[in-house]
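What follows is a single structure, written as structure tokens, with notes after it.
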Amino acid sequence: MSYDLVVKNGMIVDGSGGARYRGDVGVKDGKITKIGRINGETTEETIDAEGHVVTPGFVDGHTHMDAQLFWDQLGSCSCYHGVTTAVMGNCGFTLAPCRESEADFVFRNLERAEDISRSAMLAGINWDWETYPEYMDAVDKMPKGINYAGYIGHSALRTYVMGERAFEEDASEDDMEKMKAAVQEAVRAGAMGFSTSRSPSHLTSDDRFVASRVGSDEEIRDIVMAMGETGAGIFQLAMERGEMQKMMGVYRSLGELSKKSGRPVTFGSLSRKKFPGQWKALYEIIEEENLQGARIWTQVHSREINSILSFETATPFDNWEVWKDFRKLPLDEQLAKLKSDAALKQKLIDVADRPYDGPEVVGAEARPPEWDMFYHIDKIRLPHPSLAQIAEERGITPAAAMIEVAIEEDLKAFFRQPLANENQDDALALMKHPRSTVTFSDSGAHVSQIMDSSLQTHLLSHWVREREAFTLEEAVRMITYDTATNWGFHDRGLLREGMTADITVFDADKVEPRMPEVVHDLPSGSKRLKQYADGMLATVVAGQTVLKENQHTGALPGQLLRGPLARA
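Letter 14 of the sequence shown, counting from 1, is numbered 13 in numbering that gives the first Met the number 0, and no numbers are missing.
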């Protein structure tokens, strides 16, 4: 037979966790039609995978690409790290339901909590929907490099039904009926489920709760129960935080909600130094609840959650005395003054050495540094030296060391502040837990604050190749079959004849995130962090090669993946 694409001579790691083997993969009409040895048969395209691993495309269950996909056809930076399917609409943050005339409500929820530029959204989105099904239709029509699926989000839902009251009031009985009906409509049209946030990180620019956080626990429970009446849908939430007794109650209530509604529950799960060891006791509750009929799985990360800082983006001191005016200058003027004006430089150091007494810092925002956990990213591989260590070596204060390092790299030096998963032994244990799923990139959000689209390539380079904590087969399963199965993409996540041909090809000896860079490629010229990966040979979506060695081929075969009720 003839093929549209043949991936030849690769080492196949099929996503099941089974042992790798050498073989070819033949593709026709977007499906895998043969796995084995393919010789002498015609093909439109051949990828020579000699010396490379051939795997299913990676599935990322936690992104915020809802806005970005309207101006970024490729799906960067996820696409550069082997991702072929991204689930968006997490944490209650979506662009629908929403009337165009009330788009400011959505922007208010998104711009601080998820660091998505209001000006970029205004310039980059052609608003031609109101309801969530209409939003899905708009996404369906957009040319896309990778696949997307999405939740209907609580914050957008609340402002759609309640308007300004959503930021201040409990929902009325009439409000509740409208919200429940909208969620049922969305799930029947193909939404993956319903998402919300209880996270203390999620505030508006004027320091109020995002709309979903104003809603009561009873409101959320009733909406999830209404979703359960459809027989479909996942409930996703950004988790609240607190002391052990409080969190044990939260986890128990989620177990009860899953059992009563019949719907799975998923949320991000991280180790935090403020609550050492807490996650272990909470996972015991997850295990107990699941054995009693609940279905709960967590979303975990392959490293620390880091705030990425630089003079090109943000420093911890940008709103501090002296710094505030200094940071308004163009970057080249800042560098010139740091080199030539010793008095100004010393003032900046003196201010940065003081204790912080300003407003609360939340989320991934730059925060007052703990210098022994404030690192210079001198290379992509760990370990990174702390500023406390650098300062001691140079005989200066940590603030002075930060400025000196920045000057040495023409203010392009990157630093990182871990916000969670500070203990990497805990991070590894979380990844190994049978109730966790390795997927928490937040791609499309925090675009100038974090750079976690490389979650998958970090897993493959650091934990597989360098630390040997997982076999390649184990790690690939985590980011393909496991994620695809949990989110119900049953035609993806494995290399099998008859499955959709979403394929990632990479060099297991070289795969690794590159250093991030600052670019100004948002529609309004706003800045974001961008990161490619080494060792990536090809990313194939539905049988078409979208990326070849990080370069776009021009193909845009991505699809909107709808939930089970829309596929029936």
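Cβ coordinates follow ideal geometry from the N, Cα and C atoms, glycine included.
What three-state label does DSSP hand residue i in the structure shown?
i: Q281; result: What sits at residue 281 in the sequence shown is Leu, not Gln. Helix at L281.
i: V5; result: strand
i: I478; result: helix
i: H551; result: strand
i: V160; result: helix
i: E516; result: strand
i: M135; result: helix
i: E168; result: coil
i: L269; result: coil
i: L333; result: Here residue 333 is Gln; the residue named in the question, Leu, does not match the sequence. Reduced to three states, the DSSP call for Q333 is helix.
i: G254; result: helix
i: L559; result: strand
i: T544; result: strand
When the Cα atoms are used, what is the spatial distance from residue i to residue j?
i: Y480; j: L347; result: 51 Å
i: R19; j: K431; result: 21 Å
i: Q388; j: G248; result: 41 Å
i: R21; j: N8; result: 7 Å
i: G487; j: A112; result: 28 Å
i: E184; j: H153; result: 14 Å
i: I379; j: G524; result: 27 Å
i: E407; j: S100; result: 48 Å
i: T484; j: G492; result: 7 Å
i: V545; j: A365; result: 35 Å
i: L4; j: G81; result: 18 Å
i: A335; j: I395; result: 21 Å
i: G14; j: E40; result: 26 Å
i: K27; j: G261; result: 38 Å
i: F274; j: M372; result: 17 Å
In the DSSP assignment, find the unbroken alpha helix (DSSP H) run with residue i in it and report its ends.
i: D349; result: A341 to A351
i: E172; result: E172 to A188
i: R527; result: Run containing R527: none in the alpha helix (DSSP H); it sits in the beta strand (DSSP E), R527 to K529.
i: K323; result: W322 to F325
i: R566; result: P563 to R566
What residue does the beta strand (DSSP E) around residue i start on, and which one ends it?
i: V540; result: M535 to V540
i: A48; result: Run containing A48: none; DSSP gives neither H nor E here.
i: V504; result: I502 to F505
i: F193; result: G192 to S196
i: Y20; result: Y20 to K27
i: G58; result: Looking at the sequence itself, residue 58 is Val, so the reference to Gly does not match. First-last of the beta strand (DSSP E) with V58: F57 to D59.
i: Y147; result: N146 to G149
i: G32; result: Reading off the sequence, residue 32 comes out as Thr, not Gly. First-last of the beta strand (DSSP E) with T32: K30 to G35.
When the Cα of residue i is compared with those of the options, which residue comes out closest?
i: V6; options: I389, R561, L536 and F413; result: L536
i: W128; options: S116, A148 and P96; result: P96
i: R434; options: K27, R415, S268 and P556; result: S268
i: C78; options: A567, P563, R561 and T552; result: T552
i: V213; options: M161, R36 and E242; result: M161
i: A399; options: A341, L73 and I304; result: A341
i: E167; options: D221, Y147, S215 and Y2; result: S215
i: E287; options: S252, D317 and E332; result: S252
i: L343; options: W322, A66, P556 and K411; result: W322
i: L109; options: G14, F274, L471 and S196; result: S196
i: D174; options: V138, I222, D206 and A137; result: I222
i: M514; options: I34, P563, K177 and K411; result: K411
i: K509; options: E43, P522 and H461; result: H461
i: P358; options: S204, A231, R415 and L337; result: S204
i: K259; options: S270, A280 and Q291; result: Q291
Task: Complete runs of the alpha helix (DSSP H) confined to the region 201-249 [at least 4 residues] - done: 210-213 and 216-227
TODO: Run through the region 362-431 for me and flag every whole alpha helix (DSSP H) of 4 or more residues, listed as ranges in chain order.
DONE: 386-393, 397-407 and 423-431
Task: alpha helix (DSSP H) segments (min. 4 residues) lying fully within the region 281-320 - done: none
Open item on the list: Report the start-end ranges of each beta strand (DSSP E) in the region 434-462 that is 3 residues or longer and not cut off at the edges.
Closed with: 435-437
- [ ] Could you name each continuous beta strand (DSSP E) segment of 3 residues or more that falls completely within the region 67-124, going from the start of the chain to the end?
- [x] 82-87
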